[in-house]
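K.L.:
No gaps in the numbering here: position 259 of the sequence shown is 269 in the numbering used here, and each next residue is one more. The C-beta atom is built at its ideal place from N, Cα and C for all residues, glycine as well. Only a predicted model underlies this, so the values are computations on that prediction, with no experimental measurement involved.
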Amino acid sequence: MIFIILPNIIFVILIGISTAYLTFLTTKGGLTNNKFKGVWKRLTIRGKYVFFTLLSFLLILIGQELNTKALSNQKDLLLKKERLERDYTITAGIKKGVESTSKDLFEALSKAFAQQELSLDTLKNNIIVLKDSVKNTVNYYNEADPVLIIDENGVFKEENHELLNNYKIRFNSYDAGSTNFNINCLVLLNFEDESLSVARINFFPKNLRLYRQSSWISGFKFDNSKTAKSIYFLLIGRYSTIDGAKWFKINDLYMFDSYKEEVSLITNSEKSRIVKLIELAPDSKLTEIE
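#1: Among the residues of its own chain, which have a CB less than 8 angstroms from the CB of I179, if the five just before and after it don't count?
#2: Going by beta-carbon coordinates alone, are P156 and L88 separated by less than 9 angstroms?
#3: By a C-beta neighbour count over all protein chains shown, 10 Å radius and 16 as the cutoff for buried, is I241 buried or exposed?
#4: For N217, count neighbouring C-beta atoms within 10 Å of its own C-beta (all shown protein chains included) and say buried if the count is 16 or more, exposed if not.
#5: Within the continuous alpha helix (DSSP H) that includes A30, where are the two ends?
#6: Please go through the region 197–237 and give each complete beta strand (DSSP E) segment of 3 or more residues, from N-terminal end onward.
#7: For L16, which residues of its own chain have a beta-carbon under 6 angstroms away from its beta-carbon, when the five flanking residues on both sides are left out?
#8: Provide the residue(s) that pair with R180 in DSSP beta bridges, ordered along the chain.
#9: Take F201 and list the residues in its own chain whose beta-carbon comes closer than 6 angstroms to its own, dropping the five residues that flank it on each side.
#10: Under 9 angstroms, do L64 and L32 count as touching if we go by C-beta distance?
#11: Express the C-alpha separation of D267 and L199 in angstroms, rounding to a whole number.
#12: For L158 and C195, I'd like the C-alpha separation in whole angstroms.
#13: Can the beta-carbon of S183 be found closer than 9 angstroms to that of S224?
#14: When we look at the beta-carbon of I252 and count the other beta-carbons within 10 Å, is it buried (16 or more) or exposed?
#15: Tell me whether Y269 is buried or exposed, calling it buried when 16 or more other Cβ atoms sit within 10 Å of its Cβ.
#16: What does V157 pair with, by DSSP beta-bridge criteria?
#17: From this set, D262, E289, P215, N278, which residue's C-alpha is nearest A209's C-alpha?
#18: Are D185 and R222 touching if we call contact CB-CB under 9 angstroms?
#19: When you compare each of W257, V273, G247 to G187 by their alpha carbons, which one comes out closest?
#20: Going by DSSP, what residues sit across from T189 in a beta bridge?
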């Protein structure tokens with residue numbers, strides 16, 4: 011039901027007018043004529059005006075009461091809405107602060123556990139010991155297999171040295187930790203003048219351990235007299251889980267597009283073509299960044 015809320019001054023004015031008019035009617039002339047029988051017939055014209063004025067006065071008072079209640083309900087709704095909005099803002103702020111604090115705390119704990127060769131399993135709510143106190147490897151056959159990859163943004167160029175181009179490459183160990191890297195890394199440079207150059211680089215130092223969801227960043231550099239439009243990385247070899255219980259082979263080819271600054275995995279016939287180019291390309295003076 012739609013109810014139009016009026017300013018209270020309107021009712022005050024109507025009551026004032028009705029009171030004044032009623033006073034005028036009751037002080038001028040008679041209101042009844044006893045010559046007639048029946049209440050309604052005994053009322054004179056002035057008496058009937060008084061009756062309708064009183065009825066109108068009653069209706070104005072009823073209308074004023076309803077209007078006052080509607081105005082009060084409207085104010086209550088506005089106050090309730092403001093309170094809900096304020097509570098929501100406060101709750102959202104508290105929730106955001108708690109989530110941020112929890113995230114920072116979890117990251118700090120994960121780093122601390124990693125330094126002590128421990129891992130925090132949030133699904134099972136327990137701590138995994140990666141090595142026991144006498145340095146004997148602990149086997150976890152139910153763990154997921156580690157996946158060693160280079161992400162789409164895993165290769166990036168640093169600021170140029172006066173005579174060298176410096177590139178960084180980030181290797182990620184997803185799903186589980188990995189170590190014992192025995193991987194041959196062949197890097198093919200495809201220059202803008204269509205010339206090629208290849209080099210063999212060891213990106214993985216001895217005893218490197220990558221824990222689950224962690225990364226290892228290495229790098230390489232070469233003479234900046236030429237600009238490489240694309241760089242290929244051929245990874246051939248094997249690696250194991252942290253406990254050494256399971257071994258995995260790797261034979262992946264990645265391409266870094268210098269213009270798009272993106273890394274992509276090369277497969278099928280294109281991979282075979284690039285591998286042949288690597289086998290035929292002359293050695294370069296590419297060197298690893300310490």
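P.N.:
This is what the structure gives:
#1: Along the sequence shown, read from residue 1 onward, the residue named residue 179 stands at position 169. The answer, listed in chain order, is I160, G164, V165, F213, I227, S228, G229, F230, F243.
#2: Here residue 156 refers to the residue found at position 146 when the sequence shown is read from its first residue. Here residue 88 refers to the residue found at position 78 when the sequence shown is read from its first residue. No, these two residues do not count as a Cβ contact at 9 angstroms.
#3: In the sequence shown, counting from the first residue as 1, residue 241 sits at position 231. I241 is buried by the Cβ-count criterion.
#4: As a position in the sequence shown, residue 217 is number 207, starting the count at 1. Classification for N217: exposed.
#5: Residue 30 sits at position 20 when you count from the first residue of the sequence shown. Its alpha helix (DSSP H) spans residues 18–37.
#6: 206–211, 224–233
#7: If you number the sequence shown from 1, residue 16 lands on position 6. Once the five neighbours on either side are set aside, the close Cβ partners of L16 are N77.
#8: Counting from one through the sequence shown, the residue named residue 180 turns up at place 170. Answer is I227.
#9: Translated into positions along the sequence shown, residue 201 becomes position 191. Same-chain partners within the cutoff: K236, A238.
#10: If you number the sequence shown from 1, residue 64 lands on position 54. If you number the sequence shown from 1, residue 32 lands on position 22. Contact flag set, yes.
#11: Against the sequence shown, residue 199 aligns to sequence position 189. Against the sequence shown, residue 267 aligns to sequence position 257. In a straight line, the C-alpha of L199 is about 11 angstroms away from that of D267.
#12: Within the sequence shown, numbered from 1, the residue matching residue 158 stands at position 148. Within the sequence shown, numbered from 1, the residue matching residue 195 stands at position 185. Approximately 13 angstroms, taken between the alpha carbons.
#13: For the purposes of this step, residue 183 is taken as residue 173 along the sequence shown, with counting starting at 1. For the purposes of this step, residue 224 is taken as residue 214 along the sequence shown, with counting starting at 1. Against a cut-off of 9 angstroms, the Cβ pair of S224 and S183 comes out as a contact.
#14: Taking the first residue of the sequence shown as 1, we reach residue 252 at position 242. Looking at its Cβ environment, which holds 16 or more other Cβ atoms inside 10 Å, I252 is buried.
#15: The count along the sequence shown starts at 1 and reaches residue 269 at position 259. Exposed.
#16: Sequence index remark: in the sequence shown, residue 157 carries index 147 (1-based). Answer is Y184.
#17: The sequence position of residue 209 within the sequence shown is 199, counting from 1. Checking every option, the nearest Cα to that of A209 belongs to E289.
#18: By one-based count along the sequence shown, residue 185 stands at place 175. By one-based count along the sequence shown, residue 222 stands at place 212. Result yes, Cβ atoms of D185 and R222 sit closer than 9 angstroms.
#19: Position 177 of the sequence shown holds residue 187. Nearest of W257, V273, G247 to G187, Cα basis: W257.
#20: Sequence index remark: in the sequence shown, residue 189 carries index 179 (1-based). Answer is R219, S250, bridged to T189.
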